[in-house]
């Protein structure tokens, strides 16, 4: 039924958001990027990693308070990660690289992004805790 599809899609996205939050909150590096499977071409997976990074940066920007100094984007760790993710959005593979070298580089980039996301989450946790505790004084 066409009318139930939006509700099912919303429920699926809410479940995914909850699972993502839980994985990040656990702090055990259980968080996985939602990317195409290994069977897809290297170029496609690299492109999707770049798009994933763009979406992440967009979300951080949207979460920052417009027109104010945002503690989210002013923290040096977050700024550095955003700069690195910005570079990843422009990454490509040279013609000289073998498929094996490209695969290794992509795996390294994916792991770098996973760690970066976990670090940003931890920094935001500290910001949230500081905001909560400062509001209680």
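Residue numbers (this note's numbering): -15 to 121.
All C-beta atoms in this analysis are idealised placements derived from N, C-alpha and C, irrespective of residue type, glycine included.
Straight-line Cα distance separating residue j from residue i
| i | j | result |
| --- | --- | --- |
| residue 118 | residue 105 | Summary for residue 118: the model assigns pLDDT 41, below 50, so the residue's position carries little reliability, and this model does not support an answer. |
| residue 90 | residue 9 | 25 Å |
| residue 1 | residue 56 | 20 Å |
| residue 44 | residue 61 | 13 Å |
| residue 99 | residue 13 | 7 Å |
| residue 131 | residue 20 | A query on residue 131 cannot be resolved here, the shown segment of the chain reaching from -15 to 121 and no further. |
| residue 76 | residue 28 | 11 Å |
| residue 23 | residue 86 | 14 Å |
Buried or exposed (CB count within 10 angstroms, at least 16 for buried), residue i
| i | result |
| --- | --- |
| residue 72 | buried |
| query | Whole alpha helix (DSSP H) runs in the stretch -15 to 13 with 4 or more residues, listed along the chain? | reply | -12 to 10
| field | the stretch 76 to 91 touching the stretch 19 to 36, judged by at least three CB pairs closer than 8 Å | value | yes
| query | Counting only runs that start and end within the stretch 51 to 121, where is the alpha helix (DSSP H) found for 4 or more residues in a row? | reply | 55 to 58, 60 to 73, 83 to 120
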